[in-house]
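Structure, as structure tokens:
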Amino acid sequence: MLDGVFESFSHGTRGTFTWPDYLVFGGMLLSSLAIGIFYAIKSRNKANDEFLLGSRSLTCFPVSISLLASYISAILVLGGPAEAYYHGVQWWVICAGQIALPVAAVVFMPFFYNLGLTSVYEYLEMRYGTRWVRCTASGMYVVQMILYQAVVIYAPALALASVTDFPLWVSVITVGLIASVYTAIGGMKAVIWTDVLQLFILIVGLFAVVIKGLMDFGGFEPVWEIGRKYDRAGSQIFTYGYIPYQRHTVPNIIVGAIVGKLSQYACTQTTVQRYASMKNLKHSYMAIFLVIPFFILLISLTMVAGLVLFATYEGCDPLAAGLITKKDQILPFYVMDRLSAYPGLPGLFVACIFSGALSTISSGVNSQAAVTWEDVFSKIPFFARLSLSAQAGVTKCIALAYGILALGLAFLAGSMGGVLQAAIAVTSSVAGPLLAVFIMALFMPFTNAKGACMCLLLGTGVALGFSFGATAVGLKPELLPSPTDACPSNLNITAPATPPVRVSDLEYPTKFLGLSYTQMGPLGLVVGLVFGVLISLLTGRSRGHRVDPKLIHPWVRWSVPRPEEVAMRVKEHSYDNKISTQF
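In structure tokens, the structure reads:
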């Protein structure tokens, strides 16, 4: 299928946008902004309950789409097909990690829904009786989200700029500014309904790539056969043993996915805030379960898209041929190489990429504003005395400030390449310890604030150490061989100067740093739980702090004495006042 490809790229030119492309792309941006303006007008002079929680009146379908869109960023749209192309479709089994969602729905969600909190980290203060745990957890969440947002803005902008005439700075400013504005003025309802629009565009864009590719080959079977021939597909590519040092095995992916999804859908601000925004508990349950089929659809589309791309460039890999410099550029390259002849399709694809970025940015900005207002500003007397509408105005300014900050960090990432790796490391390393501290608070009444703080700090520190350590020793994922025997003669194909460092090349103890990136979440979870429990036991457990049974999960509430029982025991063991004065 190489006939007619590479004509423009092999001569050093890039794909060009036409007016239908700008029309499609601009229509998506204006529609997102219009939704924000609509809800800004509709909810003007309303309080924070409307801005942050949509007056707790939302229904399951839009919230379910928003839950999914919050974690399906442009990084997945670009990285998923690249993963299938250069490493095979073994990553498809991440769909099995969706088993964590029913657990989150049954075990965690009803508890937090009934508490009715705007900031999920307020629960940690209520449970442990100190702001230290609350501030530590919320601070980690805010830093994690800011860094992740910078990656979400910058990475797709860089990929697009490398293969199209779309300027990098235009992409960065467009995503950051528009998402910040419609989130700041429209609040939670604007975020929810723009997420619905953007996820629809994202799905349509992926379908366009897949359908065009399958039509070129006459169906799915030829594409699958080519993938199987080069070990991109087929049963032979799946490894079923749990091998922590191997990048991908079926158990590695599933274990990592379960921890990641459980952390996302059980106890992060982004999701718990959406649970609190729904009209009743039934809609909250349905919202979680509706995520599962849409997530499987999206992962499947990215995997099939990757196989289509590989079959298209069978015999001449654009990365090996020097036409692209990073594997994540393969999908934009394909679109401009094969779809630019169809006016509007490149614009649809760019709208697809930007939709993934916008939905993640807007969800993060809204959640960060909620956490910052509830955990910081609402505790300051000056802000607490403001009118409800003025408080909402302050929260809107906070949301806008977070969006602009993420925009600035995205530009910074361009001049400091290490920022991207640092952001990815932080986001994967924080998930496990955050889940660990909520498990301790809910199911281990004997744990205390010292143990909870050390759970967060040590769990994150160890996971970060492994992440940065792997980068420091130069570990990079090894790509599957891609043939170049059918490349045009005018392409200068050279072998890599130095082969990538493999885990098998390392000696102990350095080899420990070769732990698969999929295990950073589980590692942080285990380390956080072990040290959190141990330190709680060594520092007197929960003595001196009476644990309210309502703040413990109903499954273990029996282990905590009720307040009236405690009062009765105190009375039984206390001296009578009249007798005690005689001593």
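Take the sequence shown: its letters are residues 40 to 622, numbered as in our numbering.
Even for Gly, the Cβ is constructed at its ideal location relative to N, Cα and C.
Quick caveat, the model's predicted, so the values are computed rather than measured.
Alpha-carbon to alpha-carbon, residue j and residue i
| i | j | result |
| --- | --- | --- |
| residue 427 | residue 193 | 36 Å |
| residue 375 | residue 410 | 41 Å |
| residue 254 | residue 128 | 21 Å |
| residue 338 | residue 263 | 16 Å |
| residue 77 | residue 89 | 14 Å |
| residue 591 | residue 553 | 38 Å |
| residue 370 | residue 597 | 55 Å |
| residue 168 | residue 329 | 36 Å |
| residue 424 | residue 226 | 22 Å |
| residue 415 | residue 171 | 12 Å |
| residue 256 | residue 340 | 17 Å |
| residue 457 | residue 515 | At residue 457, the pLDDT of 46 sits below 50, so the modelled position is not reliable; the number obtained from the coordinates is stated separately. Those two C-alpha atoms are separated by around 14 Å. |
| residue 400 | residue 542 | 35 Å |
| residue 138 | residue 526 | 44 Å |
| residue 564 | residue 466 | 14 Å |
| residue 601 | residue 566 | 32 Å |
| residue 345 | residue 585 | 55 Å |
| residue 593 | residue 282 | 36 Å |
| residue 431 | residue 69 | 25 Å |
| residue 92 | residue 184 | 19 Å |
| residue 315 | residue 178 | 21 Å |
| residue 475 | residue 482 | 10 Å |
| residue 309 | residue 470 | 13 Å |
| residue 285 | residue 146 | 32 Å |
| residue 438 | residue 80 | 17 Å |
| residue 512 | residue 365 | 20 Å |
8 Å Cβ cutoff met for residue i and residue j
| i | j | result |
| --- | --- | --- |
| residue 497 | residue 570 | yes |
| residue 114 | residue 211 | no |
| residue 378 | residue 388 | yes |
| residue 231 | residue 97 | yes |
| residue 372 | residue 124 | no |
| residue 595 | residue 486 | no |
| residue 519 | residue 270 | yes |
| residue 488 | residue 441 | no |
| residue 562 | residue 502 | yes |
| residue 292 | residue 140 | no |
| residue 159 | residue 311 | yes |
| residue 506 | residue 468 | yes |
| residue 162 | residue 320 | no |
| residue 560 | residue 361 | no |
| residue 404 | residue 218 | yes |
| residue 143 | residue 358 | no |
| residue 391 | residue 240 | yes |
| residue 214 | residue 393 | yes |
| residue 303 | residue 180 | no |
| residue 235 | residue 417 | no |
| residue 233 | residue 386 | no |
| residue 237 | residue 71 | yes |
| residue 56 | residue 204 | yes |
| residue 484 | residue 581 | yes |
| residue 342 | residue 58 | no |
| residue 278 | residue 289 | yes |
| residue 356 | residue 117 | no |
| residue 313 | residue 102 | yes |
| residue 495 | residue 334 | no |
Min CB distance residue i to chain B below 8 Å
| i | result |
| --- | --- |
| residue 293 | In the displayed structure, chain B is absent; only one protein chain is listed. |
One or two residues paired with residue i in a DSSP bridge
| i | result |
| --- | --- |
| residue 514 | 540 |
| residue 317 | 97 |
Secondary structure of residue i, DSSP reduced to three states
| i | result |
| --- | --- |
| residue 88 | helix |
| residue 81 | helix |
| residue 600 | coil |
| residue 483 | coil |
| residue 291 | helix |
| residue 554 | coil |
| residue 332 | helix |
| residue 619 | With a pLDDT of only 48 at residue 619, under the threshold of 50, the placement of this residue in the model should not be trusted; the figure read from the coordinates follows. Helix, per DSSP. |
| residue 56 | coil |
| residue 520 | coil |
| residue 528 | coil |
| residue 380 | coil |
| residue 581 | coil |
| residue 386 | helix |
| residue 625 | The structure shown has nothing for residue 625, since the chain only spans 40 to 622. |
| residue 105 | helix |
| residue 358 | coil |
Sequence ranges, beta strand (DSSP E) only - wholly within the stretch 215-302, length at least 3: none
Complete runs of the alpha helix (DSSP H) confined to the stretch 138-219 [at least 4 residues]: 139-142, 148-154, 161-167 and 170-202
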